[in-house]
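Before any comments, here is the structure.
2 protein chains.
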Amino acid sequence: MSVEALFNPRSIALVGATDKSGWSISTLLNLRTHGFAGSVHLVNPRGGVVHGSPAFRSLTEIPEPVDLAYVMVPTAAVLGVLREGAKLGIRCYVILTAGFGEAGEEGARLESEISAFAAENGLTILGPNGNGYINAAADITPYGLPIAEPLLRGSVGVVLQSGALASSVLAFAQARNVGISLLTSMGNESVVAVTDVMDYLVDDPATKVVALFLETIRNPAEFARVARRALQAGKPIVALKIGRSRLASHTAQAHTGALVGDDDVIDAALRQLGVIRVRSLEDLIITAGLLAATGPLPGRRVGVVTPSGGASEIIADRAEDEGLELPPFAPETVARLAEIVPSFGTVANPLDVTGYVLIDRTLLGRALEVVTADPGIDLVMLLSEPPRVTPPDPAPAFALYSASARRIAESPVPVVVVSNVLTDVTEFGRRVQQETGFPYVAGGIEHGLHAIGAAVRWSEARARVLARPPALPCEPRPAPPGATGVWAEHRASALLASAGLPVVPSALVREEPEAVAAAEGFGYPVVLKIAAEGLGHKSDIGGVRLGLSGAEEVREAYRALINAMPSPSGPSPSGPSPSGPPPSGPPPSGLSPSGLSPSGLSSSGPTDSGPAGAGAASSGPGGSGAAASSGAVPALAGVLVQPQRSGGVELLVGLVRDPAWGLTLAVGLGGIWVEVLRDTALRVLPVDTEEVRLALSELRGTALLQGARGSEPADLDAVAEVVARIAAFAETLGDELESLEINPLLVTGSHVEALDALVTWRTL
Amino acid sequence: MSVEALFNPRSIALVGATDKSGWSISTLLNLRTHGFAGSVHLVNPRGGVVHGSPAFRSLTEIPEPVDLAYVMVPTAAVLGVLREGAKLGIRCYVILTAGFGEAGEEGARLESEISAFAAENGLTILGPNGNGYINAAADITPYGLPIAEPLLRGSVGVVLQSGALASSVLAFAQARNVGISLLTSMGNESVVAVTDVMDYLVDDPATKVVALFLETIRNPAEFARVARRALQAGKPIVALKIGRSRLASHTAQAHTGALVGDDDVIDAALRQLGVIRVRSLEDLIITAGLLAATGPLPGRRVGVVTPSGGASEIIADRAEDEGLELPPFAPETVARLAEIVPSFGTVANPLDVTGYVLIDRTLLGRALEVVTADPGIDLVMLLSEPPRVTPPDPAPAFALYSASARRIAESPVPVVVVSNVLTDVTEFGRRVQQETGFPYVAGGIEHGLHAIGAAVRWSEARARVLARPPALPCEPRPAPPGATGVWAEHRASALLASAGLPVVPSALVREEPEAVAAAEGFGYPVVLKIAAEGLGHKSDIGGVRLGLSGAEEVREAYRALINAMPSPSGPSPSGPSPSGPPPSGPPPSGLSPSGLSPSGLSSSGPTDSGPAGAGAASSGPGGSGAAASSGAVPALAGVLVQPQRSGGVELLVGLVRDPAWGLTLAVGLGGIWVEVLRDTALRVLPVDTEEVRLALSELRGTALLQGARGSEPADLDAVAEVVARIAAFAETLGDELESLEINPLLVTGSHVEALDALVTWRTL
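Heads up: the sequence lines are chains A and B, in that order.
With the first letter of the first sequence counted as 1, position 445 gets the number 445 in the UniProt record's numbering; the numbers rise by one all the way through.
With the first letter of the second sequence counted as 1, position 410 gets the number 410 in the UniProt record's numbering; the numbers rise by one all the way through.
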């Protein structure tokens with residue numbers, strides 16, 4: 001939806017204007033004092049004089065066209081105003097009035113009436129329950145709360161899903177001398193959504209950076225679309241998305257379900273989209289202000305110039321936190337600096353030019369000039385700030401800051417100025433900045449370094465994304481027959497194998513002799529696992545037997561497994577006979593036991609006949625998850641015979657449907673890495689191989705894949721390729737797929753193989 | 001050293017006063033404008049008029065006693081001033097002059113002359129190379145940089161090891177309306193040290209909180225003493241200690257050496273001492289200001305009252321980060337709030353009373369009163385702040401804030417006020433706070449929540465420390481004979497066993513038949529390990545054989561080990577004969593092979609004869625550390641035979657001498673936990689059992705000790721007791737001990753046993 005007209009009216013009617021309302025007073029005052037050039041009409045059903053001017057009794061009485069109606073009437077009267085306005089051809093509205101969706105059922109009903117009416121009549125409505133907007137770039141300020149002087153115009157567009165915080169954000173931006181292009185308080189988003197405003201800002205020539213305060217991302221697909229446009233346009237999005245503390249585990253069956261909270265998915269999605277996520281309102285504005293001033297930064301090698309040893313060391317600490325590099329200066333830089341820095345100082349990066357700056361005011365500037373010429377750095381951080389207090393004679397200050405501003409403007413690399421501590425830029429400081437061209441100052445080392453780190457990471461992410469075509473979603477195919485409930489290993493693994501994915505060979509048998517024959521076909525040692533419909537957690541009931549090294553052990557294990565199978569009245573040795581009826585419902589096509597016979601899969605036979613042990617096949621998907629979601633008694637399908645693997649590194653690969661973002665990939669190392677450390681890397685689908693490699697590199701245990709502790713280094717390209725294929729396959733399974741989990745995916749060098757799998761469908 | 005006189009002079013001489021120096025101008029101006037009631041004398045060798053007043057040519061000319069000389073003369077002239085002053089009986093000095101220790105060798109020589117002269121003559125000197133101090137509590141401000149108006153008097157004492165940052169800290173404190181008692185810029189600390197000033201502040205009735213900016217902790221023992229005094233006195237110490245980024249690995253031999261950087265030790269020491277470590281200058285002042293206002297907080301259950309849903313959710317996120325709890329309100333609280341909060345709001349903790357506060361200015365205060373009465377909370381966080389802009393009629397603002405201040409003062413639980421964002425408290429805001437008694441406002445949700453978290457943690461740490469007697473250091477005994485170089489397992493384990501610590505039984509043998517006899521004495525399976533002087537890393541040369549289950553395997557392993565032993569010309573099968581000469585140097589008393597015979601230790605024989613595997617004895621101390629520090633060829637002592645253990649959880653216990661803080665305990669889980677995750681908990685010695693338990697609970701893998709993944713839960717009391725005994729034993733070994741490492745310490749339920757050990761002595 002276009003909001004161009006909403007944000008650029010030439011005439012505004014304040015409907016429900018009254019001397020009794022602070023909102024009414026503020027809105028009119030804002031329009032009058034912040035330069036609105038169009039006409040403002042007051043509407044009050046009683047007419048008379050409001051705010052010292054005559055008021056119209058209705059929109060109809062206004063003798064000229066109205067571009068925007070700012071509506072402050074009681075909740076029940078809002079729809080009437082829209083009806084009247086629509087008839088008059090008024091297309092754009094801000095509804096300040098509250099009492100809608102946020103206030104319960106009756107309010108929600110009124111709100112849906114409004115959005116339905118807007119849809120029918122092509123109305124653009126901001127709100128309800130929002131304070132309006134401040135289009136600082138165009139001096140249009142229909143905004144219901146006081147705007148403190150001065151309103152600073154600039155290139156940061158701010159969109160907030162909170163009315164109360166808008167004033168704080170505005171005050172903070174002002175305190176940091178960060179100018180805004182547009183600030184919008186969204187309200188209930190019943191018609192105009194955050195993404196509509198973002199779209200506008202991406203196209204708005206006055207806006208260089210978009211700053212968001214988000215309580216919820218209502219439409220992830222739309223958000224992703226706009227975020228990609230912003231990245232293409234080179235406009236960073238900085239977002240404070242709240243709700244981190246609520247870990248919602250929306251899927252119980254698979255491991256990954258319990259491991260992945262809603263916020264983890266949001267975090268992954270924002271990173272994939274190149275959105276800078278910050279944690280505080282301060283970082284929101286300081287980071288946005290920095291990026292508005294510098295644009296993309298060329299690299300992470302920072303030269304630091306300060307007048308203080310103490311500050312230099314705080315910077316060194318914080319730079320390490322942010323992954324920034326402070327490389328040693330080149331020899332020529334050191335030589336030139338040695339001539340500038342007093343003899344009692346030390347020439348190093350970070351550079352402390354010493355407190356001698358108090359005697360020689362040119363010292364810092366001369367050192368800066370040398371450091372900006374260093375061939376080994378991408379940008380310079382200068383510790384400085386505009387003066388706080390107006391001196392008796394301000395001329396020297398202006399001269400000094402003008403000289404610095406010139407040096408910074410002429411620098412061959414970007415210079416980011418950061419102050420020691422986060423205090424307001426004072427009125428005199430702002431004047432100095434405005435009149436000398438002294439650049440943006442990031443407020444304080446703590447937040448300033450965070451902003452530099454975020455800007456560098458965004459610049460790198462943008463380059464990475466622009467360098468390769470986006471991963472394309474896979475076309476979903478019809479779900480396989482019988483795609484309901486939980487598919488235990490024998491069906492899940494067969495489904496994967498049918499797609500050509502590497503799965504450990506397996507035979508589903510229903511008689512003891514068959515088990516022995518299958519085992520001998522694979523060669524010992526082998527594994528026997530119970531195969532039952534709807535049984536997600538076979539190891540919980542002793543349904544897995546490892547390291548069987550002869551026929552007698554296989555026979556014994558077979559009998560034990562059959563006996564471990566729970567009967568309708570609970571686990572019992574007299575459970576369903578192994579020769580009993582096959583599972584209800586037709587097996588998926590191509591998944592009959594014969595299709596899985598050892599001979600049929602012998603080409604990918606066992607690759608390792610090492611000693612049995614607590615090895616590769618021990619955990620299994622869902623091992624610590626919840627019980628099978630269906631309460632029905634599992635139906636025995638038979639017993640799976642597989643060759644026993646050993647060695648290698650176990651991965652968990654999970655694909656879980658996030659209710660908002662769709663299928664999400666979680667990869668992690670098996671065992672304690674997921675169970676104790678919850679060490680997984682997440683990606684919203686689609687992903688390509690390169691993205692999976694990046695995800696693997698983010699794991700805390702990634703060193704294990706690279707051969708730490710004497711293990712064979714994993715072929716990361718091979719692993720990433722298989723995982724990306726698994727993810728793509730999951731996409732093709734369509735909306736019916738709830739989750740697909742492979743645990744473990746065994747990696748031995750370049751050999752990658754799923755040892756166990758579990759599929760859960762949305763329909764039970 | 002007492003600094004009482006230094007900080008409380010009644011007359012001050014400015015020596016080296018001159019119109020040409022900004023420092024001279026500022027110092028005099030500060031004394032004149034900030035209320036110094038005593039006399040100020042200017043001294044300049046040329047006499048004449050300085051700063052508009054007549055100057056004396058020397059200290060001697062001054063006709064009345066001088067309590068403090070503030071010295072700004074050239075570097076070479078400083079000692080002369082001290083000589084003159086000492087003769088006149090002047091005891092206290094601030095030396096602003098630079099060019100001493102910080103400026104190279106000649107400066108260092110001059111500085112040591114000064115400190116020697118001060119020691120001989122009992123002089124108290126602050127500096128050199130420091131700006132002096134601001135005793136705001138007593139209006140005494142001999143400080144060389146401009147002090148911006150107004151100087152706010154309060155109860156935070158600030159000590160800085162940085163001159164340049166002092167002004168920033170002062171400006172920030174002022175911006176947050178945090179008053180100071182004393183601010184000291186330490187300079188080179190050639191006479192008066194940070195700890196001397198801390199001691200003064202602990203006793204100073206004007207000071208409630210001590211805020212430190214530290215580049216280095218020069219005297220850890222002294223620092224620890226003062227920190228303990230402060231904790232006893234209930235005065236929190238908040239410290240920004242820089243240098244986090246430099247990981248110094250000062251000990252190479254043991255695992256722990258590489259794992260523990262200098263800053264890790266400092267971090268552990270500060271935590272043990274109850275010092276609040278912060279990361280930024282903002283947190284330093286905001287946290288100190290909060291604690292000065294509230295004192296200890298009673299618990300971590302916080303009731304939150306805000307006028308904004310967005311802010312409530314940021315607070316919920318940040319509270320979780322800080323480990324604070326936001327419990328649901330009690331039913332009676334909910335019922336009372338339901339009558340206050342507008343119907344479209346939701347009653348929950350955190351509470352959003354809604355933007356209706358703009359209509360009903362009493363709403364927030366009434367809700368606050370209800371929440372403070374909730375029986376389930378320890379403190380209330382109120383989101384509010386003083387006004388920024390002076391309204392046309394300030395009376396209503398004063399009335400409103402007076403009412404709030406009264407409510408807060410009458411609250412049965414502490415109320416901490418936090419603002420949305422970190423902006424300056426404006427002049428009008430400060431006036432409102434001063435005149436209405438509206439309390440301290442922590443600046444912004446981000447830093448405010450950090451401050452509340454830090455204050456709660458400090459309050460808990462203080463209660464914990466005061467509740468039990470401090471762990472007492474153990475008396476060191478003389479080092480055992482031959483305490484040099486690296487003691488490999490056969491000597492290190494015997495040393496531990498001699499102290500009654502639980503060590504796996506072990507036999508040192510030198511002939512094949514002896515090995516078999518020892519193995520049969522223990523029962524199979526057994527482990528054979530090479531035992532050689534100076535060989536730290538036996539597994540690197542194949543010097544460990546696991547899971548030997550019969551006499552033939554033992555014999556084979558014995559021969560293989562002997563052959564694996566490196567000869568002077570490198571590893572060779574014709575290495576030293578097992579019947580060769582014993583190691584050079586006398587074995588430690590009581591550690592002869594006979595003392596370690598199986599029969600001698602049979603009372604603590606094998607407790608587990610489970611199957612062999614890649615189990616408990618596989619890693620060994622130093623497995624991934626550096627090579628034995630001595631370059632000498634290891635001398636074969638024989639072969640160790642031990643019963644093979646299996647199961648249980650492996651811990652690493654390391655005691656490493658930190659050059660500053662002395663012996664430090666590192667505990668962690670073995671394997672990937674230390675090698676990949678570097679997951680260790682540190683404590684500076686001495687420690688008691690309770691402190692070790694706390695350390696174990698801090699491990700990321702602590703769940704494994706509690707029985708995660710099906711393992712037997714460890715008896716944490718038993719583990720902590722053994723670890724504490726090991727630590728105490730290490731202390732008794734005295735200063736000669738460089739490190740003692742046990743890896744692994746096997747824990748199986750309540751059975752705790754060292755399976756391998758390594759001792760490194762400081763003398764090679």
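Cβ atoms here follow ideal geometry from the backbone N, Cα and C, with glycine treated the same way.
Buried or exposed (CB count within 10 angstroms, at least 16 for buried), residue i
i             : result
Val-759/B     : buried
Leu-764/B     : exposed
Thr-362/A     : exposed
Ile-359/A     : exposed
Ala-258/B     : Low local confidence applies: a pLDDT of 47 at Ala-258/B is under 50, so the model's placement there is unreliable, and no value is given.
Thr-33/A      : exposed
Gly-132/A     : buried
residue 766/B : This structure cannot speak to residue 766/B, because chain B is shown only from 1 to 764.
Leu-284/A     : buried
Glu-552/B     : exposed
Ala-98/A      : buried
Ala-754/B     : buried
Gly-122/B     : exposed
Reduced DSSP secondary structure (H/G/I, E/B, other) of residue i
i         : result
Leu-758/A : strand
Gly-620/B : Residue placement at Gly-620/B is flagged as unreliable, the pLDDT there being 45, under the threshold of 50; the coordinate-derived value follows with that caveat. In the structure shown, Gly-620/B sits in coil (DSSP, three-state: anything other than H, G, I, E or B).
Phe-223/A : helix
Pro-744/A : strand
Glu-4/B   : helix
Lys-208/B : coil
Candidates the options, of which the one nearest residue i by Cα
i         : options                                       : result
Ala-86/A  : Leu-281/A, Ala-119/A, Ala-557/A and Glu-489/A : Ala-119/A
Val-416/B : Pro-513/B, Thr-287/B and Ala-330/B            : Thr-287/B
Ala-17/A  : Val-432/A, Ser-2/A, Leu-31/A and His-51/A     : His-51/A
Arg-430/B : Arg-406/B, Ser-404/B, Val-389/B and Ala-454/B : Val-389/B
Under 8 Å between C-beta atoms of residue i and residue j
i         : j         : result
Ala-227/B : Arg-277/B : no
Val-159/A : Val-191/A : no
Arg-683/A : Ala-268/A : yes
Val-641/B : Ala-483/B : no
Thr-664/B : Pro-476/B : no
Ser-312/A : Val-304/A : yes
Asn-188/A : Glu-102/A : yes
Limits of the unbroken alpha helix (DSSP H) element including residue i
i         : result
Arg-336/B : 331-340
Run of the beta strand (DSSP E) containing residue i, from where it starts to where it stops
i         : result
Phe-484/A : The amino acid at residue 484/A is misidentified as Phe; the sequence shows Thr. Premise fails: Thr-484/A is in no beta strand (DSSP E) and is neither H nor E.
Pro-643/A : 635-643
Heavy atom of the ligand MG within 7 Å of residue i beta-carbon
i         : result
Val-334/A : This structure lacks the ligand MG; in fact it carries no ligand of any kind.
Listed by chain order, chain D residues near residue i by CB distance under 7 Å
i         : result
Glu-282/A : In summary, chain D is missing from the structure at hand, where the protein chains are A and B.
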